[in-house]
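Okay, structure first, notes after.
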Amino acid sequence: SSFFPKLKYIYKPCSPCKIMLQKNDFIELEFVGKTREGEIFDTNLKQEAEKIGLDIKTRPLVICLGESMILPVIDSFLIGKEGGNDYTLSLTPQESFGVRQRELVKIMPHSVFIKKDILPIQGQTYVFDTMLGKISAISGGRVTVDFNNPLAGKNVVYSLKIKKKITDIQEKAKTLVLAYFRFELPFEIKDKKIIFNVNAGFKPLIEHFKPKFLDILGLELEVIEKPVDKPVEKQVEKDEEKEDKAEKVA
């Protein structure tokens, strides 16, 4: 008889959620961004958004790591982390939205707004040649406009929850399509290819991302352009020609 008890080794496979995340992995993410003072400025959680008067869609946020679909510093932070966990990331102004710059605070004459039929209101944000500026003060005929990011100079804290790692190839492809083109495009995945069937003119834009789909998804990209419909004007001209011939015969 043996002096040692019989040992049983029970194999427990690792949970898919505990795998270390890598570049080009797809994950479903929940996040809340707050200033260090606790003021929420961004989130994809409906209950948190309601606290600041935001009405957001509850569609899950799916991102591809390494593709700058979120703030780059968050993107880098998540690579190497375990899925299924909660994380807190504290960022300085230099790491997030930058420090405040005096040169981005401009004083503009009130007449500039009047010429464009705009009534400047203190606290309101306007678009100035693609730049967002907030009216910080109005005094006499002068308007002070602050072009700094509203979060510039502030320490921020992100609460992050990696819900799950995405493995479905269709969902991955859809995520890339929305990220690259900003709208949904019909596609089919077949024989290690992703095939887009689109209107004429879209082909050069889509083919620009051919290396991305191959590198991230391992799929060759193919674009099929739909045939262009014949202009109605030409048919009208033909009908008029037939009428002219008929009149001549008559």
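Under the numbering used here, the first residue of the sequence shown is numbered 258, with each subsequent residue one higher. Built from N, CA and C at the ideal position, the CB exists for glycine as well.
Does the region 351 to 361 come into contact with the region 371 to 384, if we say contact requires no fewer than three beta-carbon pairs (one atom in each stretch) closer than 8 Å? no
Assigned secondary structure, Thr432 (DSSP; H/G/I helix, E/B strand, else coil): helix
Classification of Leu376 by the beta-carbon crowding that lies within 10 angstroms, buried from 16 upward: exposed
Who pairs with Gly290 in a beta bridge, going by DSSP? Asp299, Tyr415
Identity of the residue in Glu477, Pro461, Ile419, Val414 nearest Thr345 by Cα: Val414
Out of curiosity, what's the CA-to-CA distance linking Thr424 and Thr315? 21 Å
What is the DSSP secondary structure of Glu285, counted as helix, strand or coil? strand
Do you know how far the Cα of Lys469 is from the Cα of Pro461? 14 Å
Which first and last residues belong to the beta strand (DSSP E) in which Gly343 is found? Per the sequence presented here, residue 343 reads as Asp, with Gly not at that position. Asp343 -> beta strand (DSSP E) spans 343 to 348.
Assign Asp282 to one of two classes, buried (16 or more other C-beta atoms within 10 Å of its C-beta) or exposed (fewer than that). buried
Could you tell me the distance, in whole angstroms, from the CA atom of Leu478 to the CA atom of Met277? 29 Å
C-alpha gap between Phe466 and Phe459, whole angstroms: 12 Å
To the nearest angstrom, how far is the alpha carbon of Lys373 from that of Phe404? 19 Å
Suppose the cutoff is 8 Å on Cβ atoms and the five residues either side in sequence are ignored; what does the same chain contact list for Ile451 look like? Ala430, Phe444, Glu445, Phe470, Leu474, Leu476, Glu477, Leu478, Glu479
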